[in-house]
Amino acid sequence: MSDDCIFCQIIAGKAQCHPVHETRYTRTFLDAFPSTPGHCLIVTKAHFTDIFDSTPEEIAMVGHVSTLIAHTLREELQCDGVGIYQLNGAAAGQTVFHYHMHVIPRMVGQELHIHSRARGAPAELEAMAARLSKRAYSLRTDD
Ligand code: AMP
Ligand code: ZN
Numbered sequence: 001m002s003d004d005c006i007f008c009q010i011i012a013g014k015a016q017c018h019p020v021h022e023t024r025y026t027r028t029f030l031d032a033f034p035s036t037p038g039h040c041l042i043v044t045k046a047h048f049t050d051i052f053d054s055t056p057e058e059i060a061m062v063g064h065v066s067t068l069i070a071h072t073l074r075e076e077l078q079c080d081g082v083g084i085y086q087l088n089g090a091a092a093g094q095t096v097f098h099y100h101m102h103v104i105p106r107m108v109g110q111e112l113h114i115h116s117r118a119r120g121a122p123a124e125l126e127a128m129a130a131r132l133s134k135r136a137y138s139l140r141t142d143d
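In full-length UniProt numbering, the protein residues as written are 1 to 143.
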């Protein structure tokens with residue numbers, strides 16, 4: 001836990017998020033500034049700054065969950081593709097220094113962006129999180 005880390009605050013229940021899924025090692029919630037509707041972040045429960053500060057085991061857990069979230073987005077939103085991005089260091093575009101993976105629904109013809117400057121509307125984020133969460137828990141995790 002790092003007191004000045006927004007993702008640690010979310011995991012500790014001290015800051016709000018729109019939750020989608022949880023495992024022993026990870027939390028998945030919606031990005032507050034979605035690149036496209038349904039943009040998810042898979043976050044390690046433990047605080048690691050980035051890939052260099054993490055362990056192969058923790059990263060494997062995030063990778064495992066990424067398959068479930070990708071299937072969830074495709075099945076629930078019928079997106080044409082799913083972009084998975086993971087940034088390490090400011091030079092790579094990382095802005096929150098707690099290890100996480102972006103899982104972003106993509107439609108044919110959309111411009112490719114990882115970040116958005118527009119905050120999602122709370123009611124839309126809430127409805128989207130409810131849909132995705134229901135779908136995620138309905139899927140087998142070993143698919
Ligand atoms: P990165 O640039 O890979 O570090 O991505 C950090 C992501 O976290 C960005 O896409 C932000 O929109 C997102 N973000 C920042 N603060 C919050 C928050 N409080 N809740 C959800 N997502 C957030
Ligand atoms: Zn943290």
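Idealized CB from N, CA, C, for every residue including glycine.
By the 16-neighbour rule on beta-carbons within 10 angstroms, Pro-105 is buried. For His-113, the number of other beta carbons within 10 angstroms of its own is below 16, and it is reported as exposed. The alpha carbon of Gly-83 has as its nearest neighbour, out of Val-96, Pro-19, Ala-91, Ser-66, the alpha carbon of Ser-66. Per the Cβ contact rule, the segment 21–38 is in contact with the segment 117–124 (3 or more Cβ pairs under 8 angstroms). Not one heavy atom of the ligand ZN sits closer than 7 angstroms to the Cβ of Cys-17. At a threshold of 7 angstroms, Asp-31 counts as near the ligand AMP, since its beta carbon sits closer than that to one of the ligand's heavy atoms. The shortest C-alpha to C-alpha distance from Asp-80 to any of Leu-87, His-71, Gln-86 is the one to His-71. His-47 sits in coil when the DSSP states are folded into three classes, being neither helix nor strand. Collapsing the DSSP output to three states places Phe-97 in coil. Counting along the chain, no alpha helix (DSSP H) covers Gly-81; the unbroken beta strand (DSSP E) around it starts and ends at 81–85. In this structure, His-39 sits away from His-98, with a CB-CB distance that is not shorter than 8 angstroms.
The chain-ordered list of residues whose CB is nearer than 5 angstroms to some heavy atom of the ligand ZN reads Ser-2, Cys-5, Phe-7, Cys-8, His-47, His-98. If you ignore the 5 residues before and after Gln-86, its C-beta comes within less than 6 angstroms of the C-beta of Met-101, all in its own chain and listed in chain order.
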